[in-house]
Amino acid sequence: MSEDAWPGLDTPSGTTQQHAELARLSRLVRWHIVNTVAQSKAGHIGGPLSMTDLLVALYFQQLRIDPENPQDPSRDRFVLSKGHSAIGLYSVLALRGYFPVDELATFDHGDSRLQGHPDMKLTPGIDVSTGSLGQGLSAGVGIALGAKKIRADYRTWVMLGDGELQEGMVWEAFNSASRYGLSNLIAIIDLNGLQQFGWPAVPNRDRFDRSEPWAHVDLRAILSGFGWNVLEVDGHDFDDILTAYGAAEKNAAATDRPTVILAHTAKGQGVSFTRGTYKWHNGVATDEQLAIARRELAIEEAVL
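Read in order, the letters of the sequence shown are residues 1 to 304 in my numbering.
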C-alpha cells in the first residue's frame with residue numbers, strides 16, 4: 001500500500017487483521033514524527049509518540065469524518081489540547097488523506113500550513129487552534145454545548161496530556177461539562193507519567209521530580225465525582241482502545257454524562273532511545289538514531 005492513499009479500513013472491527021493494519025499505521029506515524037522533527041531541526045517527540053496509537057485508532061476507526069470535505073458540518077470534532085504534540089496529529093491527518101504526506105517536510109517552516117502548534121485557519125482537519133496548555137477541554141465543552149443547542153448528533157473528542165491537569169481551567173471544564181449534561185463530549189487523557197519539568201527538587205534527584213504527577217491522586221474517583229463516565233485503558237492496546245471508544249459512543253447515546261478515558265501510555269513509545277525518558281520530550285535525532293528508529297519501526301515493511 002502506498003503512503004499517499006489510504007482507502008479506509010475494510011476489515012471487520014475487532015479482528016486480528018484490523019489490529020495489524022492499525023499497528024502498521026502507528027509505525028508509519030511514529031516514523032514521520034521522528035523523521036520530520038529531525039529534518040525540521042525542532043519539535044516535540046515524547047508526547048506525540050505516547051498518543052500515536054490512541055490517535056490512529058480514533059482517526060482510522062472511530063471518527064465520523066470525510067477528509068475530502070473537512071468542513072462537513074455533520075463531522076465529529078477533535079481538539080488536540082496538548083497542542084505542542086501537533087506533529088503527531090499532522091502525521092495522522094496526512095496518512096488519513098487531509099493533505100499530501102510529502103507536506104510533512106514543511107513542518108514548522110514560516111510559510112507552512114503545518115505550524116508547531118495546530119492552526120485551524122491554515123490546516124485542513126484542525127477544528128481548534130491550540131497551544132496554551134489547559135484550554136482544549138473548555139473549547140470542547142463549547143463545541144459540544146453548541147451541538148446540543150442545535151440538536152446535532154456529532155461527537156466532540158478532546159485529547160489532553162496529564163501535565164495539563166495541573167491547570168485550573170481544566171477542572172472548570174470538567175465541572176461545567178457534566179453540569180450541562182454533555183454526553184456528546186469524550187475526553188482522552190494521555191497518561192504518560194513524565195513531564196519535561198516536574199516538581200521542586202527532592203533529595204537524590206537531578207533537578208526536578210518528573211515522576212508521575214498524578215500517582216498520589218485517584219483520578220477515576222475524582223472524575224467520577226465530577227459526574228463523568230470514567231473508562232481506563234492501556235493506551236497502546238488496540239483492542240482495549242477500540243472497546244473504550246465504542247463504550248464512549250454508547251454512553252453518548254444512553255446517558256447524560258460526558259465520558260473520559262484514562263489512557264495509560266509510555267512517553268516516547270515505539271522507539272528504544274526515546275521511550276520512558278523526559279530528555280526526549282523534544283529533541284532532534286541524529287542520522288544514526290534515525291537509522292535505529294527506521295529499523296525498529298520496520299519502515300520498509302510498513303510502506304509496502
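Cβ coordinates follow ideal geometry from the N, Cα and C atoms, glycine included.
These numbers were taken from a predicted model, which means no experiment stands behind them.
Could you pull the DSSP bridge partners for residue i from this structure?
| i | result |
| --- | --- |
| E232 | L262 |
| W214 | Paired residues: none, contrary to the question. |
| V34 | In DSSP, V34 forms no bridge with anything. |
| G161 | D190 |
| L185 | T156 |
Check this for me: beta carbons of residue i and residue j, under 7 Å apart or not?
| i | j | result |
| --- | --- | --- |
| G46 | K267 | yes |
| R27 | L191 | no |
| A252 | R151 | no |
| V79 | G136 | yes |
| P124 | Y90 | no |
| R257 | S176 | no |
| L231 | I261 | yes |
| L49 | R30 | yes |
| I33 | I87 | yes |
| A94 | I188 | no |
| M169 | G134 | yes |
Using alpha carbons as the reference points, say which of the options lies closest to residue i.
| i | options | result |
| --- | --- | --- |
| I241 | G131, Y59, G110, E68 | Y59 |
| S40 | E301, R295, N282, D237 | N282 |
| T16 | G131, T265, T52, D237 | D237 |
| Q289 | H19, G43, R24, A38 | A38 |
| I292 | M159, N35, Q18, E21 | N35 |
| M159 | V56, R96, H109, T277 | V56 |
| L100 | P118, S74, E68 | Here residue 100 is Pro; the residue named in the question, Leu, does not match the sequence. Out of P118, S74, E68, E68 has the C-alpha closest to the C-alpha of P100. |
| T52 | T265, W228, R295 | T265 |
By DSSP, does residue i sit in helix, in strand, or in coil?
| i | result |
| --- | --- |
| S2 | Confidence in S2 is poor, its pLDDT being 43 and thus under 50, which makes the residue's placement unreliable; the coordinate value appears in the next sentence. It is coil, neither helix nor strand. |
| G83 | helix |
| T308 | Nothing can be reported for residue 308, as the shown portion of the chain is limited to 1 through 304. |
| F197 | coil |
| N69 | coil |
| H109 | coil |
| N282 | strand |
| Q78 | In the sequence as presented, Gln is not what sits at residue 78; that position holds Phe. Reduced to three states, the DSSP call for F78 is strand. |
| K250 | helix |
| P7 | Because P7 sits at a pLDDT of 43, beneath the cut-off of 50, its placement in the model cannot be relied upon, and the following sentence gives the value as read from the coordinates. Reduced to three states, the DSSP call for P7 is coil. |
| H19 | helix |
| V29 | helix |
Just to check my reading of the structure: residue i and residue j have Cβ atoms closer than 8 Å, yes? What is that Cβ distance to the nearest angstrom?
| i | j | result |
| --- | --- | --- |
| G140 | L185 | 6 Å |
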